[in-house]
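J.:
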Amino acid sequence: KAESKMLDIYDPQSGRKEYAMWNFCNNHDNWRMQSMTGPQQMRTCLAVITFWPGVPLHYAGDEQGFNTPGSALDGWAREELGVSLAWRAVRTTPEGNPADGDSFDMTNPQYRYVQRLNALRKAYFGNFGSEECDVVDTPADPVAQVLIFTRGCSAADRVIVVANFNSSSSLPVGFDTVWPQGTTLVDALAEKNATELHVGVGGRIDVTLPPVSAMVLVRGSVKALPPAVVSVEPAHGRLVQLPTAGQRLTLRLRFDRPMNASLAARALVDGKAGAFACASVACDELEARVVQSSLKDGIHSIEVPLGQGADGLAMLAPFRSSFTIAAQASIVAE
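Just add 43 to the spot in the sequence shown (first one is 1) and you have our numbering.
1) Any idea which residues DSSP pairs residue 334 with across the strands?
2) Do you know offhand how far residue 460's Cα is from residue 235's?
3) Straight-line CA distance for residue 81 to residue 146?
4) Counting along the chain, where does the beta strand (DSSP E) carrying residue 190 start and finish?
5) Could you tell me how far apart the beta carbons of residue 269 and residue 124 are, in whole angstroms, since I believe they sit closer than 8 Å?
6) Is DSSP giving residue 415 helix, strand or coil here?
7) What would DSSP say about residue 351, mapped onto helix, strand or coil?
8) Please state the DSSP three-state secondary structure of residue 364.
9) What does DSSP give as the partner residues of residue 101 in its beta bridges?
10) Restricting to Cα atoms, I'd like to know which of 263, 370, 89 and 187 is closest to residue 288.
11) Which residue from 172, 346 and 178 puts its Cα closest to that of residue 56?
12) Output needed for residue 102: all residues of its chain with C-beta closer than 6 Å, excluding positions within five of it in sequence on either side, in chain order.
13) What residues in its chain sit with their C-beta under 8 Å from that of residue 188, if we drop five residues either side in the sequence?
14) Going by beta carbon distance, what residues of the same chain come within less than 8 Å of residue 338, once the five residues before and after it are set aside?
15) Over the uninterrupted alpha helix (DSSP H) stretch that includes residue 134, give me the two end residues.
16) How long is the line joining the alpha carbons of residue 251 and residue 160, rounded to whole angstroms?
17) Find the nearest neighbour of residue 300 within the set 228, 327, 265 and 179, judged by alpha-carbon distance.
18) How many whole angstroms separate the CB atoms of residue 316 and residue 333, which I take to be in contact at a CB cut-off of 8 Å?
19) Check whether the region 91 to 100 touches the region 125 to 134, taking contact to mean three or more Cβ pairs, one atom from each stretch, closer than 8 Å.
20) Nearest to residue 226 by CA position, among 258, 178 and 262, is which residue?
21) Between the region 134 to 143 and the region 109 to 121, do at least 3 Cβ pairs fall closer than 8 Å?
22) How many angstroms separate the CA atom of residue 203 from the CA atom of residue 64?
23) In whole angstroms, what separates the C-alpha of residue 72 from that of residue 104?
24) Strictly by DSSP, which residues pair up with residue 215?
25) Report buried or exposed for residue 201, applying the criterion of at least 16 other Cβ atoms within 10 angstroms of its Cβ.
26) Applying the criterion that 16 or more other CB atoms from any shown protein chain within 10 Å of the CB defines a buried residue, is residue 244 buried or exposed?
27) If I follow the unbroken alpha helix (DSSP H) through residue 78, where does it start and stop?
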């Protein structure tokens, strides 16, 4: 409380108090959290900083699941700044090192998780237009090793974040909420099979959290979020052998929902439109079959501008992926 009185959070432009501190899980002066603990600890941290007051700051590479040990102080950091075969020598998973390759895969599961967090933050906190947005409510009786807080820019859009930091044990958690008995709460973090809870007598919620996990509870159903690309073919950064004469290379984009059919005509291959078409009636997948004569050795790109889903929602950001074609594999192509 003493420290909070020392902070000047008044914004003369908006005429209100706004907490704009940067919050982060990692930075280049320290080892990445996930290299010392694991990916689930990192995901839990990201969920907390997304909904805590302030600005969530992501250390480049965290959205790709980079987990190389070390920091900038000992020469093992900033993997995202350049492709290097050196990362291949530092195996951090059974498959190798996530940093061994192109460093911006927009279909990477960790990227899609951060993308969903950002979309949820925007959907529930909007434009942060009031001081109420920075008000955090916590239970009167804290639970050991569990963080619980409620935050929202309006009574209708409050969220409850519950995070279990115990690394080995599931923990039963009970706390009071602002919602009346019978209210349905849903975990907005889950894309599928979301946990559903029902508020009990006196606004009470009881739930058991798995080790190192977080839930973001919202009232009723989760708000509609922007459409997103979930997979691309060839996979991002993939080295593809040049097709033989007369053959075609198939390119595919798959979305998380049906899209407006007009998007097919605007999707790009190497900066040019017209190659893609809807591969299904729902247009949740686009396909292009590129003739061998139009392909050359080198890096090729697949891009999707800001398009709309069939539900009218626009994508959160444009999509871009790349792959390399080579007549034969070589150290230069890699």
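From the three backbone atoms N, C-alpha and C, an ideal C-beta is built for every residue, glycine too. Note that the coordinates shown come from a computational prediction; the quantities given were computed from them, not determined experimentally.
T.: The short version:
1) 291
2) Outside the modelled stretch of the chain, which goes from 44 to 377, sits residue 460, for which no answer is possible.
3) 20 Å
4) 189 to 194
5) Actually they do not touch by this definition, with Cβ atoms about 29 Å apart.
6) Residue 415 is absent from the structure shown; the chain starts at 44 and stops at 377.
7) strand
8) strand
9) Residue 101 pairs with nothing; no bridge assigned.
10) 370
11) 172
12) 69 and 70
13) 207, 208, 209 and 214
14) 285, 286, 292 and 368
15) Neither: residue 134 is in no alpha helix (DSSP H) and is coded neither H nor E.
16) 22 Å
17) 327
18) 13 Å between Cβ atoms; not a contact.
19) no
20) 262
21) yes
22) 21 Å
23) 14 Å
24) 251
25) buried
26) exposed
27) 76 to 79
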